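Protein chains: 4
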Amino acid sequence: MGTYPYSEPETEGLLREFAMAKGFNAWLNFELLAAGQGQIEIRQEVNDDLLQHHGFVHGGVVGALADTACSWAAATLAGDVVTSSYTLQLLAPAIPPYLRVRACVIKKTRSTASVEAKVYCLGENEAERLVANALASIAILSS
Amino acid sequence: MGTYPYSEPETEGLLREFAMAKGFNAWLNFELLAAGQGQIEIRQEVNDDLLQHHGFVHGGVVGALADTACSWAAATLAGDVVTSSYTLQLLAPAIPPYLRVRACVIKKTRSTASVEAKVYCLGENEAERLVANALASIAILSS
Amino acid sequence: MGTYPYSEPETEGLLREFAMAKGFNAWLNFELLAAGQGQIEIRQEVNDDLLQHHGFVHGGVVGALADTACSWAAATLAGDVVTSSYTLQLLAPAIPPYLRVRACVIKKTRSTASVEAKVYCLGENEAERLVANALASIAILSS
Amino acid sequence: MGTYPYSEPETEGLLREFAMAKGFNAWLNFELLAAGQGQIEIRQEVNDDLLQHHGFVHGGVVGALADTACSWAAATLAGDVVTSSYTLQLLAPAIPPYLRVRACVIKKTRSTASVEAKVYCLGENEAERLVANALASIAILSS
Chain A
265 MGTYPYSEPE
275 TEGLLREFAM
285 AKGFNAWLNF
295 ELLAAGQGQI
305 EIRQEVNDDL
315 LQHHGFVHGG
325 VVGALADTAC
335 SWAAATLAGD
345 VVTSSYTLQL
355 LAPAIPPYLR
365 VRACVIKKTR
375 STASVEAKVY
385 CLGENEAERL
395 VANALASIAI
405 LSS
Chain F
265 MGTYPYSEPE
275 TEGLLREFAM
285 AKGFNAWLNF
295 ELLAAGQGQI
305 EIRQEVNDDL
315 LQHHGFVHGG
325 VVGALADTAC
335 SWAAATLAGD
345 VVTSSYTLQL
355 LAPAIPPYLR
365 VRACVIKKTR
375 STASVEAKVY
385 CLGENEAERL
395 VANALASIAI
405 LSS
Chain Z
265 MGTYPYSEPE
275 TEGLLREFAM
285 AKGFNAWLNF
295 ELLAAGQGQI
305 EIRQEVNDDL
315 LQHHGFVHGG
325 VVGALADTAC
335 SWAAATLAGD
345 VVTSSYTLQL
355 LAPAIPPYLR
365 VRACVIKKTR
375 STASVEAKVY
385 CLGENEAERL
395 VANALASIAI
405 LSS
Chain X
265 MGTYPYSEPE
275 TEGLLREFAM
285 AKGFNAWLNF
295 ELLAAGQGQI
305 EIRQEVNDDL
315 LQHHGFVHGG
325 VVGALADTAC
335 SWAAATLAGD
345 VVTSSYTLQL
355 LAPAIPPYLR
365 VRACVIKKTR
375 STASVEAKVY
385 CLGENEAERL
395 VANALASIAI
405 LSS
């Protein structure tokens, strides 16, 4: 992509093949923009099935996006991982149809990674508006 | 249902009409079992679109179920609400196809409700296995 | 005590000897009321050094009490433990001088315990008022 | 201080006068290094009373430091505040005697601020080692 200095094409290929092509992630329409070195960026085009009754993106979708970004960011450093816990703050209504998330590993120990993620919705000209802030503990299975 | 002493049929009807019939909640196949007096129970039959690459229920689905249960539990006491934040612990793989969640308001102030939720998957004979534990702060909009 | 069916005198003795008699715990004046089978109850008489500038018990004291209760509750089942993370909701002002906390292990895996704690301040006649709700992930070191 | 571009001397003076000089904060020996524009940095020299039974800084002290930094960071933007909830990840043993915390407001709405804090212990030559990561929701009272 040129704009992601942390990008590792091989890692991105593995994530696209094994984690994004199936089940919920495929259905949620997650598009991996970049992955590598403990960082990740995902874009999502949200269809009407993912809204709540006020017309905003459902908090569960925002949470799934944040959780996925945190676990994949850890996976770029640690291979097989699983989310232990995360805290999600919902800060503003997530206006469809475009979400973007950036996640970054803050510290990796032998068994756990601390990962932060921020979720944005996009207005005109791709102007970002922060809608959620997340902090996750990701368990490293291969430890 | 008879087995839910907190059940309030009118509240349940409102939730079914306004919150469950549309968008993500309808797609997730949430079935409200009981609601009232700050408590709620929801059952979900999970189809294959909601799994992750190991065949378990996607953590995002578990999170959406917990978040939804917490906000609706608060809604039974406080009307219009929105989730401010929640912490989700993922404690065991969620084996499809059946999930169940119970949520309970622990304290309600003028502006906020503290709500706990526990998510179970169901084995044979409806034996429950705890897969997630959540603690949410729900903002009360009508305050 | 008679009122704590989960009480295990040997466990309580170990906690009093190794964890309560020294450093911060001793200074905070934690008094163990009961411990055993994944449950614990602690009472604290709060002196003026532990208040904040409005005269309530400092949130850091409430957090320390909740964190300590969670880790000790896990220790009754798992031996040597350390807190990985916790979420604390501060729900009401903690009025001095008496706090009480009850913690309970919800699930224990090989490596982690999920523990809940509730902190109360005490009014006249020991009437309890909930001031904080906590959810902790405790790492089991001996796993 | 020269090294803190966000420093606002008047804000720092108010925090020192009203929040740091009394009770628990005074006892914990918090030293405000800089405050302003939603950011804060605090240093703490930890005496032996604040250790746990392994000789590390007690998690409750680390939590109090993180919580205090988050609420004060919000106070630089919003005046009178109170912590609603926070999640604390304890990532490594906090080796005495020096801790340092930096907190930053990520988003402020009318009623709430989302604040992140990182706590470090200091080795020789003030080399920092990350020991805790926190995410807080701070309620704005003057809203």
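Residue numbers (my numbering), protein chains in the order written: chain A, 265 to 407; chain F, 265 to 407; chain Z, 265 to 407; chain X, 265 to 407. Just so you know, even glycine gets a beta-carbon here, dropped at the ideal spot from N, CA and C. Just so you know, these numbers come straight off a predicted model, no measurement behind them.
is_contact[residue i, chain X] using C-beta, thresh 8 Å
i	result
Ser335/F	no
Gln308/Z	no
Thr325/Z	With the sequence shown as reference, residue 325/Z is identified as Val, and Thr is not the correct amino acid for it. Output row for Val325/Z: interface = yes.
Thr411/Z	There is no way to answer for residue 411/Z, as the model of chain Z reaches only from 265 to 407.
Ala367/Z	no
Ala283/Z	yes
Lys382/Z	no
Assigned exposure category for residue i - 16 Cβ within 10 Å defines buried
i	result
Ser378/Z	buried
Asp312/A	exposed
Arg364/Z	buried
Ala285/X	exposed
Asp373/Z	The sequence shown places Thr at residue 373/Z, not Asp. Classification for Thr373/Z: exposed.
Ser486/A	Any answer about residue 486/A is impossible in this case: the structure gives chain A only from 265 up to 407.
Glu390/Z	exposed
Glu388/A	exposed
Phe288/Z	buried
Gly324/X	buried
Neighbour flag for residue i against chain F, beta carbons, 8 Å
i	result
Pro375/Z	Pro is not the amino acid found at residue 375/Z; the sequence shown has Ser there. No, Ser375/Z lies away from the interface with chain F (no Cβ there is under 8 Å from its Cβ).
Gly277/A	no
Ala408/A	Residue 408/A is absent from the structure shown; chain A starts at 265 and stops at 407.
Met265/X	For Met265/X, the predicted structure reports a pLDDT of 45, less than 50, and the residue's modelled location is therefore unreliable. A value from the coordinates is still provided. Taking Cβ atoms only, chain F never reaches closer than 8 Å to Met265/X, which makes this a no.
Option in the options with minimal Cα separation from residue i
i	options	result
Gly302/A	Ala328/A, Arg393/A, Asn397/A, Tyr268/A	Tyr268/A
Ala328/X	Ile359/X, Thr351/X, Ala299/X	Thr351/X
Phe320/Z	Ile359/Z, Cys368/Z, Ser271/Z, Ile304/Z	Ile359/Z
Ala400/F	Ser349/X, Glu272/X, Tyr362/X	Ser349/X
Arg307/X	Ala403/X, Leu314/X, Gly287/X, Leu386/X	Leu386/X
Ile402/Z	Ile370/Z, Ala356/Z, Gly300/Z	Ile370/Z
Thr330/Z	Thr376/Z, Ala367/Z, Glu388/Z	At residue 330/Z the sequence reads Ala, which differs from the Thr that was named. When only C-alpha atoms are compared, the closest one is Ala367/Z.
Thr376/Z	His317/F, Leu354/F, Val325/F	Leu354/F
Tyr362/Z	Tyr384/Z, Glu380/Z, Ala356/Z	Tyr384/Z
Arg280/F	His318/F, Pro357/F, Ala381/F, Trp336/F	Trp336/F
Glu380/A	Ala339/A, Ala333/A, Pro357/A, Thr340/A	Ala333/A
Glu309/A	Ala338/A, Thr340/A, Ala290/A	Ala290/A
Thr340/F	His322/F, Gly324/F, Ile304/F, Pro357/F	Ile304/F
Phe282/Z	Gly324/X, Glu272/X, His317/X	His317/X
Ala408/F	Glu272/F, Gly323/F, Leu314/F, His322/F	As shown, chain F starts at 265 and ends at 407. That puts residue 408/F outside it, with no answer to give.
Val326/Z	Pro357/Z, Gly300/Z, Ala338/Z	Pro357/Z
Gly300/A	Ala338/A, Ile404/A, Tyr270/A	Tyr270/A
Minimum Cβ-Cβ distance from residue i to chain A less than 8 Å
i	result
Lys371/X	yes
Ala391/F	no
Ala339/F	no
Glu272/Z	no
Gly287/F	yes
Residue-chain proximity (residue i, chain Z), Cβ-Cβ < 8 Å
i	result
Phe294/X	no
Ser378/F	yes
Leu314/F	no
Closer than 8 Å to chain B by CB, residue i
i	result
Phe294/A	In the displayed structure, chain B is absent; the protein chains listed are A, F, Z and X.
Quiz item: Closer than 8 Å, Cβ to any Cβ of chain A: which residues of the segment 349–364 of chain F, in chain order?
Solution: Ser349, Tyr350, Thr351, Leu352, Gln353, Leu354
Self-check item: Touching by the beta-carbon criterion (3+ pairs, under 8 Å), the segment 266–276 of chain X and the segment 341–350 of chain Z
Solution: no
Quiz item: Does the segment 287–303 of chain Z come close enough to the segment 385–404 of chain F that 3 or more CB-CB pairs lie under 8 Å?
Solution: no
Self-check item: Cβ-based contacts, 9 Å cut-off: residues of the segment 392–403 of chain X near chain F
Solution: Leu399, Ser401, Ala403
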